[in-house]
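Single-structure report; data block below.
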Amino acid sequence: MTAFEKKVYKALLTIPLGEVRTYKWLAEKAGRPRAYRAVGQILKKNPWPLIVPCHRVIESSGKLGGYAWGKKRKEKLLDLERQIKKIMV
DNA sequence: CAAACTATTCAGC
DNA sequence: GCTGAATAGTTTG
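Residues in the first sequence are numbered from 0 upward in steps of one, following numbering that gives the first Met the number 0.
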C-alpha cells in the first residue's frame, strides 16, 4: 500500500453517490495530476473492488472508461447508484 | 534496480 | 472523431 494509493482511494471515497469523476480528477486529488494512468492501474489492482467506488471513475471524455469486472457491470452500478440517489431524496 | 504495463489525456488533422 | 505521442506510478523479474 503506497501513499499514492491511499490518496487515490480516499479521493475516490469522497465522490458523492451517483456522481462520477475522471481519472485526471483523482490524479489531481492524489497529488499527481499527470498520473491518471497510474490511478487507473491502481484501481484495476485495487484490493477492494467494491469497497471503493472504483466504478465512479470515468474518462474525461465522458465515456465509461474501463472496469476490472467489465464495463457492463460498471454501467449497471452507476445506474443503480442513480436510483439509490433518487430514493434518498 | 530496470523494464514493461496500464481502467488516460492532449494536441494535431 | 480518430491517431499518435507523452506521462507517472505499480508491478514483476
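Glycine included, each C-beta is placed from N, C-alpha and C at the ideal position.
Quantities reported herein were computed from a predicted structural model and do not represent experimental measurements.
Distance between beta carbons of residue j and residue i, contact taken as under 8 Å
{"i": "VAL51", "j": "LEU12", "result": "6 Å"}
Proximal residues to residue i (C-beta, below 8 Å), its chain only, five neighbours per side dropped
{"i": "LYS84", "result": "LEU16 and GLY17"}
{"i": "ARG33", "result": "ALA26"}
{"i": "ARG72", "result": "HIS54 and TYR66"}
Cβ shell of residue i (< 6 Å), same chain only, five flanking positions each side left out
{"i": "GLY64", "result": "ILE57 and GLU58"}
Outcome for residue i when other beta-carbon atoms lying within 10 angstroms are tallied against a minimum of 16
{"i": "LEU79", "result": "exposed"}
7 Å CB neighbourhood of residue i in its chain, flanking five on each side removed
{"i": "CYS53", "result": "LEU11, LEU42 and ASN45"}
{"i": "VAL38", "result": "VAL7, TYR22, LEU25, ALA26 and ALA29"}
Beta-carbon gap between residue i and residue j smaller than 8 Å
{"i": "LYS6", "j": "LYS28", "result": "yes"}
{"i": "ARG31", "j": "PHE3", "result": "yes"}
Residue i beta carbon near the ligand MN (any heavy atom closer than 7 Å)
{"i": "LEU63", "result": "This structure lacks the ligand MN; in fact it carries no ligand of any kind."}
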